[in-house]
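Presented below is the structure to which this report refers.
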Amino acid sequence: MGKYIELNQTNMDENVKEGVALVDFWAPWCGPCRMLAPAIDQLAEEFEGKAKICKVNTEDEPDLTSKYQVRSIPTILFFKNGEIVDQMIGATTKAKIEEKLNSLL
Numbered sequence: 050m051g052k053y054i055e056l057n058q059t060n061m062d063e064n065v066k067e068g069v070a071l072v073d074f075w076a077p078w079c080g081p082c083r084m085l086a087p088a089i090d091q092l093a094e095e096f097e098g099k100a101k102i103c104k105v106n107t108e109d110e111p112d113l114t115s116k117y118q119v120r121s122i123p124t125i126l127f128f129k130n131g132e133i134v135d136q137m138i139g140a141t142t143k144a145k146i147e148e149k150l151n152s153l154l
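Structure (C-alpha cells):
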C-alpha cells in the first residue's frame, strides 16, 4: 500500500532529485488542505513506483516553505529530475492532479 512521503529539510532534495515528484504544501488548520488530503492519499497508492507523492507541513517546515516561495496553501509543486516544472495553488480536483502527473511521466 502506497503512502505519501513526509518531507523536511533533511530529505527534500533526495526525494525530488530523480523522476517525478508531487509536493503538497499544507497545514493542519487549512480547510482546503484537509479537503485535498484524501486525494493525495489515493494518488500515493495509485502512483506508487511511478511518481513520489510527498507532503510538507508548512507549520513544521517554515524554511522549506520560504525556500520554495509558497505564499498560500494548499500549493502543489511538481518536480521532474529536481526541477520545478509546474504548480497548482488552491484547492483542486484529484482528476486535475492526476492529469498533470500523467503528463510528466
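Mapping to our numbering: the sequence shown position 63 is 112, numbers consecutive. Positions of the beta carbon are idealized from the N, C-alpha and C atoms, including for glycine. What you are looking at is a predicted structure, and each value in this text was computed from that prediction instead of being measured.
Residue i classed as buried or exposed, judged by whether at least 16 other C-beta atoms fall within 10 angstroms
{"i": "Ala144", "result": "exposed"}
{"i": "Asp73", "result": "buried"}
{"i": "Pro87", "result": "exposed"}
{"i": "Lys101", "result": "buried"}
Residues bridged to residue i (per DSSP)
{"i": "Leu150", "result": "Answer is none; Leu150 lacks a bridge partner."}
{"i": "Thr124", "result": "Phe74 and Ile138"}
{"i": "Asn130", "result": "Its beta-bridge partners do not exist; DSSP assigns none."}
{"i": "Val69", "result": "Lys129"}
Pick from the options that is closest to residue i, judged by C-alpha positions
{"i": "Ser152", "options": "Val65, Glu67, Lys99 and Met84", "result": "Lys99"}
{"i": "Gln58", "options": "Pro111, Ile138 and Ile122", "result": "Pro111"}
{"i": "Arg120", "options": "Ala76, Leu150, Phe128 and Ile102", "result": "Ala76"}
{"i": "Asn64", "options": "Trp78, Glu132, Pro123 and Cys79", "result": "Glu132"}
{"i": "Glu55", "options": "Lys116, Thr107, Thr142 and Val134", "result": "Thr107"}
{"i": "Thr142", "options": "Val134, Met61, Leu71 and Ile89", "result": "Ile89"}
{"i": "Glu147", "options": "Thr114, Tyr117, Cys103 and Glu95", "result": "Glu95"}
Range of the contiguous alpha helix (DSSP H) that encloses residue i
{"i": "Glu63", "result": "Met61 to Val65"}
{"i": "Lys116", "result": "Pro111 to Lys116"}
Start and end residues, beta strand (DSSP E) containing residue i
{"i": "Gln91", "result": "Careful: Gln91 lies outside any beta strand (DSSP E), inside the alpha helix (DSSP H) at Gly80 to Glu95."}
{"i": "Asn106", "result": "Lys101 to Asn106"}
Cut-off 6 Å between Cβ atoms - residues of its own chain near residue i, not counting five sequence neighbours on either side
{"i": "Lys129", "result": "Val69 and Leu153"}
Nonlocal neighbours in the same chain, by C-beta distance under 7 Å from residue i, ignoring five residues either side
{"i": "Ile138", "result": "Ser121 and Thr124"}
Neighbourhood of residue i by C-beta distance below 8 Å, restricted to the same chain and skipping five residues each side
{"i": "Thr114", "result": "Phe74, Val105 and Thr107"}
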